[in-house]
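Student: Just passing along the structure, written as structure tokens.
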DNA sequence: CAATAGTTTAGAATAACTCTAAACTGCTGC
DNA sequence: GCAGCAGTTTAGAGTTATTCTAAACTATTG
Ligand SMILES: [Mn+2]
Ligand SMILES: [Mn+2]
Ligand SMILES: [Zn+2]
Ligand SMILES: [Zn+2]
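Protein chains in written order, with our numbering: chain A, 1 to 135; chain L, 136 to 270.
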């Protein structure tokens with residue numbers, strides 16, 4: 001069950017501890033389409049799953065995974081970070097009412113007319129967020 | 136000096152108090168190109184200007200101005216909201232190192248390939264954020 | 001299996017706000 | 001002009017998301 005998680009941590013150079021394995025498993029196993037979670041969401045899920053993990057470790061782990069390129073952080077609202085298991089180039093639909101994030105593949109999208117990048121700077125990433133509300 | 140600020144508050148249906156006039160003045164007067172401020176930034180600026188305002192009022196005022204359409208809120212990093220005096224349709228360049236936000240006019244930009252809007256939802260706004268780092 | 005570097009964790013600390021309730025002030029009407 | 005009141009301000013307490021601390025634990029290596 002945790003074989004994929006184990007390999008993932010190894011490849012990322014992260015020591016495969018019980019907590020990291022559990023969290024990686026929850027995040028990645030059986031979720032081919034990618035997930036978007038907050039620290040609290042993942043913490044609740046881990047607890048519900050019977051895992052013994054602290055909230056501090058969930059935060060630490062999410063940040064470490066992000067640093068290692070296993071996750072990416074998406075900021076759509078003040079006050080809470082969302083972590084995204086889809087690290088490929090993509091954008092988001094954000095449902096303001098429910099807080100749901102849905103992926104939009106980047107190569108279906110074309111952005112024209114972006115200004116020239118200032119000298120000495122480079123593009124780290126381009127985020128497109130389509131904010132939706134109930135009609 | 137505060138005539139423009141006075142009219143602006145009046146038109147927005149906000150009672151022109153000393154604090155609101157001062158903050159509106161700092162935000163809008165002599166800044167035709169628009170500004171991006173955090174609550175702490177505006178608070179410091181007001182204090183430096185000799186204004187007697189509390190931080191709570193700065194927050195209240197920024198939220199009220201936003202509600203009234205005089206400002207808009209931009210979220211680029213977890214933990215802090217930026218308020219934007221440019222309420223027109225536009226996007227942003229975000230310098231990750233310095234935290235600076237720079238406007239990108241929306242009608243210079245064209246976004247193609249956005250997915251269909253789900254039934255029952257409507258687009259509240261589309262945010263494009265080009266994140267830049269030092270090369 | 002010992003040694004140790006890396007990890008986890010409870011609880012304290014911080015940062016960015018928001019709330020409360022009391023004091024104050026911009027309008028309105030007289 | 002001023003009373004009266006709704007709307008506003010504010011100090012300080014409270015909240016929430018997140019990070020820090022430093023002590024206890026564990027994966028890895030020899
Ligand atoms: Mn972070
Ligand atoms: Mn707000
Ligand atoms: Zn995503
Ligand atoms: Zn702007």
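Backbone N, C-alpha and C define an ideal beta-carbon position, used for all residues, glycine too.
1. Quick one, which of L/179, L/251 and L/212 has its alpha-carbon nearest residue 234 of chain L's?
2. Is residue 105 of chain A a contact residue of ligand 3, with contact defined as CB to any heavy atom under 6 Å?
3. Tell me whether residue 100 of chain A sits in a helix, a strand or coil according to DSSP, three-state version.
4. For residue 144 of chain L and residue 192 of chain L, what's the separation of their Cα atoms in angstroms?
5. Would you check whether ligand 4 has a heavy atom nearer than 6 Å to the C-beta of residue 262 of chain L?
6. Between residue 219 of chain L and ligand 4, is the CB less than 6 Å from at least one heavy atom?
7. Can you give me the Cβ contacts of residue 173 of chain L inside the same chain, cut-off strictly under 8 Å, excluding the 5 residues immediately before and after it?
8. With DSSP as the reference, please indicate the residues paired to residue 188 of chain L in a beta bridge.
9. Residues in the region 110 to 135 of chain A with C-beta within 8 Å of chain L's C-beta atoms, listed in sequence order?
10. Look at the alpha carbon of residue 48 of chain A and the alpha carbon of residue 27 of chain A, and state the distance between them as a whole number of angstroms.
11. With 16 other CB atoms within 10 Å as the buried threshold, where does residue 175 of chain L fall?
12. Closer than 7 Å by C-beta to residue 232 of chain L: which residues in its own chain qualify, once you throw out the five before and the five after it? Chain order, please.
13. Return no unless some Cβ of chain L is closer than 7 Å to the Cβ of residue 98 of chain A.
14. Tell me which residues of the region 76 to 87 of chain A have at least one Cβ-Cβ distance to chain L shorter than 9 Å, keeping chain order.
Tutor: For this structure:
1. As a first step, residue 234 of chain L is located in the second chain; it is residue number 99 there, counting from the start. For residue 234 of chain L, the closest alpha carbon among the candidates L/179, L/251 and L/212 is that of L/212.
2. Within the first chain, numbered from 1, the residue matching residue 105 of chain A stands at position 105. Taking 6 Å as the cut-off, one finds no heavy atom of ligand 3 near enough to the beta carbon of residue 105 of chain A.
3. Counting from 1 along the first chain, the entry for residue 100 of chain A is found at position 100. In the structure shown, residue 100 of chain A sits in coil (DSSP, three-state: anything other than H, G, I, E or B).
4. Residue mapping note: residue 144 of chain L aligns to position 9 of the second chain, counting from 1. Residue mapping note: residue 192 of chain L aligns to position 57 of the second chain, counting from 1. Using only the alpha carbons, I get a separation of about 15 Å.
5. Mapped onto the second chain, residue 262 of chain L falls at position 127. Checking the Cβ of residue 262 of chain L against ligand 4 gives no.
6. Residue 219 of chain L sits at position 84 when you count from the first residue of the second chain. At least one heavy atom of ligand 4 is nearer than 6 Å to the Cβ of residue 219 of chain L, so yes.
7. Numbered from 1 along the second chain, position 38 holds the residue referred to as residue 173 of chain L. Excluding residues within five positions, the ones whose Cβ falls inside 8 Å are 215, 216, 217 and 218.
8. Residue 188 of chain L sits at position 53 when you count from the first residue of the second chain. Per DSSP, none; premise fails for residue 188 of chain L.
9. Here the close residues are 110, 111, 112, 113, 114, 115, 117, 118, 120, 121, 122, 123, 124, 125, 126, 127, 128, 129, 130, 131, 132, 133, 134 and 135.
10. Within the first chain, numbered from 1, the residue matching residue 48 of chain A stands at position 48. Within the first chain, numbered from 1, the residue matching residue 27 of chain A stands at position 27. For residue 48 of chain A and residue 27 of chain A, the distance between alpha carbons rounds to 14 Å.
11. For the purposes of this step, residue 175 of chain L is identified with residue 40 of the second chain, where counting begins at 1. Under this definition residue 175 of chain L is an exposed residue.
12. Start at 1 with the first residue of the second chain, and residue 232 of chain L comes out as number 97. Within the same chain, 268 and 269 come within 7 Å of residue 232 of chain L by CB-CB distance, once the 5 residues on both sides are set aside.
13. Here residue 98 of chain A refers to the residue found at position 98 of the first chain. No, residue 98 of chain A does not count as interfacial toward chain L.
14. Cβ contacts with chain L come from 76, 77, 78, 79, 80 and 81.
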